Amino acid sequence: YAKLLGEKIAQHSTSCWLINTGWTGGPYGVGKRMDIHHTRAMLNAALAGRLDGVEYREHPVFRVSV
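The following block contains the structure:
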């Protein structure tokens, strides 16, 4: 499915955002759940196009822009 997703993104010139809505700072019991307000702010910024002009770097292992 990942290959198909990549093809569809390229075919339709679509932006795709991966948003961490899980844990940060360690595993369950150590870390904390991502704050819903931060999650909503990231999602709203992506949908409104406010992340389009941000400078990113490619992750050396996963080859995604962060």
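Quick note on the working numbering: the sequence shown kicks off at -7 and runs consecutively. All C-beta atoms, glycine included, are put in the ideal place defined by N, C-alpha and C. Computed from a predicted structure; not experimentally measured.
**Asked** In three-state DSSP terms, what is residue 6?
**Response** Numbered from 1 along the sequence shown, position 14 holds the residue referred to as residue 6. Coil at residue 6, not helix or strand.
**Cut-off 8 Å between Cβ atoms - residues of its own chain near residue 57, not counting five sequence neighbours on either side** = Numbered from 1 along the sequence shown, position 65 holds the residue referred to as residue 57. Within the same chain, residue 57 has close Cβ partners 48, 49, 50, 51.
**Request:** State the Cα-Cα distance for the pair residue 25 and residue 14, rounded to the nearest angstrom.
**Result:** Locating residue 25 in the sequence shown gives position 33, where the first residue counts as 1. Locating residue 14 in the sequence shown gives position 22, where the first residue counts as 1. If I take the Cα positions, the gap works out to 6 Å.
**Straight-line gap, residue 46 to residue 10 (C-alpha atoms, nearest Å)** = For the purposes of this step, residue 46 is identified with residue 54 of the sequence shown, where counting begins at 1. For the purposes of this step, residue 10 is identified with residue 18 of the sequence shown, where counting begins at 1. Their Cα atoms are separated by approximately 15 Å.
**Range of the contiguous alpha helix (DSSP H) that encloses residue 37** = For the purposes of this step, residue 37 is identified with residue 45 of the sequence shown, where counting begins at 1. That run of the alpha helix (DSSP H) goes 28 to 39.
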